[in-house]
Each structure stands twice: as structure tokens, then as C-alpha cells.
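Student:
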Amino acid sequence: MVVCQVKFVCQREISLEQAQTVISELLDELRYNGQILGREFALTLTNQAFVCHLVCPEQDAMDSKYFTPIIEEIVAELKDLGIAGPYIEVTGLESQSDFTDVCQSPKGYILYSTFVQSCSPIRCSEHFMPIPLYKLPEVVRKPLIKWQESQAACDQLQMNELSEIEAVMLEQLSLPNSQLSLKGRELLDQIESITGRPCFQYLYRVGGDSFEQETTRRCPSCDSHWRVNKPLFGLFDFKCDSCKLLSNISWNWQ
Ligand SMILES: [Zn+2]
Ligand SMILES: [Zn+2]
Numbered sequence: 065m066v067v068c069q070v071k072f073v074c075q076r077e078i079s080l081e082q083a084q085t086v087i088s089e090l091l092d093e094l095r096y097n098g099q100i101l102g103r104e105f106a107l108t109l110t111n112q113a114f115v116c117h118l119v120c121p122e123q124d125a126m127d128s129k130y131f132t133p134i135i136e137e138i139v140a141e142l143k144d145l146g147i148a149g150p151y152i153e154v155t156g157l158e159s160q161s162d163f164t165d166v167c168q169s170p171k172g173y174i175l176y177s178t179f180v181q182s183c184s185p186i187r188c189s190e191h192f193m194p195i196p197l198y199k200l201p202e203v204v205r206k207p208l209i210k211w212q213e214s215q216a217a218c219d220q221l222q223m224n225e226l227s228e229i230e231a232v233m234l235e236q237l238s239l240p241n242s243q244l245s246l247k248g249r250e251l252l253d254q255i256e257s258i259t260g261r262p263c264f265q266y267l268y269r270v271g272g273d274s275f276e277q278e279t280t281r282r283c284p285s286c287d288s289h290w291r292v293n294k295p296l297f298g299l300f301d302f303k304c305d306s307c308k309l310l311s312n313i314s315w316n317w318q
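What follows is the structure in C-alpha cells.
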């Protein structure tokens, strides 16, 4: 991930509110397109210029070649208002997050996210590095961000052990037929039908009665053996190729 400075220059008198509204719209759409990460963008105004610092998945993430029609429309609207930009300057590497996947054409995809993750919830099945959303079919980009928000909310609540709803949140994260999992699967099916590559879904696992029982757990969808010899990416002990599911030995027994 890289940190970019994004600048908008006001070329004529315009109300602050009007300028900020359109810039915020642009930042929202760039987020839904995976060009910028995170949710909070501090915008400062100095000398007729709005400046913000953003985390982006790659050096060229803000390039206009990745813009969607709605982003192009908002950029045109800014121009009409007398606001030039966005001017992008990469200021450095962001050190706390994973590097972006390098594959031009990934062999497969994995839907995986956690409550602390702000990078793309889609990872390469070969390298397990995040793939920027703007490199995925346009139809799934914003829905993936919405899915990630829901997943993060469920994950956060169960991590914080909010006991009254913890069980419900765990079901959402762990069961293949929960609403969250089904929504995720629907998006993966879309990616699969467009790219022709297999798309795997991760199912969270905690609890269970014993290590022995957990290691012999079967695929929750088709009941077949799905244990892998060596954990994939040090994380997934189970993989079902027909259901395209991944999971781990319960965190309670590791
Ligand atoms: Zn890769
Ligand atoms: Zn299965």
C-alpha cells in the first residue's frame, strides 16, 4: 500500500460547502472502486487548495484509467465548479499493511477479511495478497465494500465478546448458509462467471469440543473430507474444492 497526497485547487470563488460536498462524493466513489482505502479522509483547506492524504493499494491506483463512469462524471462536475484536480503525489509506502498482489491474471480468488482490514477483501488464491477492487469486474466492487463493512461489524462484535449477540455474529461468520456468507457467495459467483477462475470463500471457526474433533471436521456444506496436509498460507487447514470453501481448525484448539 502507498500513501498519496491528493490535491484540488479552487480556481474561482466557490462556497466551501459546495466544494466539500462534491469532493466527498468523489472520495466515496473512489473508495467503492477500491482506489482509496479506509473510511476517514481528513480534508484540509490551505491557500485555495483542498488537500488530503490517502492510502492507496498501488502506485498508480489513482490513475484515471481505473475511473468508473460515475467517477468521471464527478471529476467533470468539479471542473465545472472551477475546481482543478485531483492532483496526485505518491508520498511513500504505507508500512502497516500487506503488499498488493502482483498477478496480472490471478489463477483464483479468495474472499477473506477481518475487522481490522481495510485493503480489498478479495485475495489471490496463489499468493494470498489483496487484489485491488478496480482490477475486478465493476459490478462487484461496491457490493464487496458493503459486504466487507458487514463482515467487519460482525467480526468486531464477536471479538469484543458482546455476549447477547455474539452467537448470532459467529453464525454469520461461520455458517455457509448465513446471510453474510450467501451474499459473499453471490459476489464470488459473479466474479467466477466473468473471469472463469475459481472463487473460494473463508468460513471462520471457533469453539468445538476437542482438538481431535476439530481436526476431523468435515465440509459443512457437502460433508466430505476437506483437511489439507499443510495449512494453506499458514491459515487454512480445510479446503473443499467442490464447495469452494476454506476454513481453519477452531481457534480454541490451535
Ligand atoms: Zn497472485
Ligand atoms: Zn464441500
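FYI, in the working numbering the residues of the sequence shown are 65 to 318. For every residue, glycine included, the Cβ atom is placed at its ideal position computed from N, Cα and C. Only a predicted model underlies this, so the values are computations on that prediction, with no experimental measurement involved.
Hey, could you find the ends of the alpha helix (DSSP H) Phe275 is sitting in?
Tutor: Numbered from 1 along the sequence shown, position 211 holds the residue referred to as residue 275. 275-279 is the span of the alpha helix (DSSP H), which, as asked, contains Phe275.
Student: Is Gly156 helix, strand or coil when you go by DSSP?
Tutor: Translated into positions along the sequence shown, residue 156 becomes position 92. Note: Gly156 maps to strand in three-state DSSP.
Student: Does the beta-carbon distance from Ile195 to Asp165 come in below 8 Å?
Tutor: The count along the sequence shown starts at 1 and reaches residue 195 at position 131. The count along the sequence shown starts at 1 and reaches residue 165 at position 101. In this structure, Asp165 lies closer than 8 Å to Ile195 by Cβ.
Student: Does the Cβ of Cys304 lie closer than 7 Å to at least one heavy atom of ligand 2?
Tutor: The residue given as residue 304 occupies position 240 in the sequence shown. Within the cutoff, so yes.
Student: With a threshold of 16 other CB atoms inside 10 Å of the CB of Pro201, please say whether the residue is buried or exposed.
Tutor: Taking the first residue of the sequence shown as 1, we reach residue 201 at position 137. Classification of Pro201: exposed, given that the 10 Å Cβ count is below 16.
Student: From Leu118 to Gln112, what distance separates their C-alpha atoms?
Tutor: In the sequence shown, the residue the question calls residue 118 occupies position 54. In the sequence shown, the residue the question calls residue 112 occupies position 48. Those two C-alpha atoms are separated by around 20 Å.
Student: Between which residues of its own chain and Ala125 is the CB-CB distance below 7 Å, once the five residues before and five after are set aside?
Tutor: As a working note, residue 125 is residue 61 in the sequence shown. Here the set comprises Gln99, Pro196.
Student: Do Phe114 and Phe163 have their beta-carbon atoms positioned less than 8 Å apart in this structure?
Tutor: Mapped onto the sequence shown, residue 163 falls at position 99. Mapped onto the sequence shown, residue 114 falls at position 50. Contact flag unset, no.
Student: So what does DSSP say about Lys210, is it helix, strand or coil?
Tutor: Taking the sequence shown and counting its residues from 1, the one referred to as residue 210 is at position 146. Residue state, collapsed to three classes: helix.
Student: Give me, in chain order, the residues of the same chain whose beta-carbon lies closer than 7 Å to that of Pro295; leave out the 5 immediate sequence neighbours on both sides.
Tutor: As a first step, residue 295 must be located in the sequence shown, where it is residue number 231. Within the same chain, Pro295 has close Cβ partners Asp301.
Student: Candidates Leu157, Glu230, Thr132, Leu80: which alpha carbon is nearest Met65's?
Tutor: Numbered from 1 along the sequence shown, position 1 holds the residue referred to as residue 65. Nearest of Leu157, Glu230, Thr132, Leu80 to Met65, Cα basis: Leu157.
Student: Is Glu122 near ligand 1, going by C-beta to nearest heavy atom under 7 Å?
Tutor: On the sequence shown, residue 122 is found 58 positions in, with the first residue counted as 1. Not so, every heavy atom of ligand 1 lies at least 7 Å from the Cβ.
Student: What are the boundary residues of the beta strand (DSSP E) that Arg249 is part of?
Tutor: The residue labelled residue 249 in the question sits at position 185 within the sequence shown. Taken as a continuous stretch (DSSP letters only), Arg249 belongs to no beta strand (DSSP E), being part of the alpha helix (DSSP H) at 243-259.
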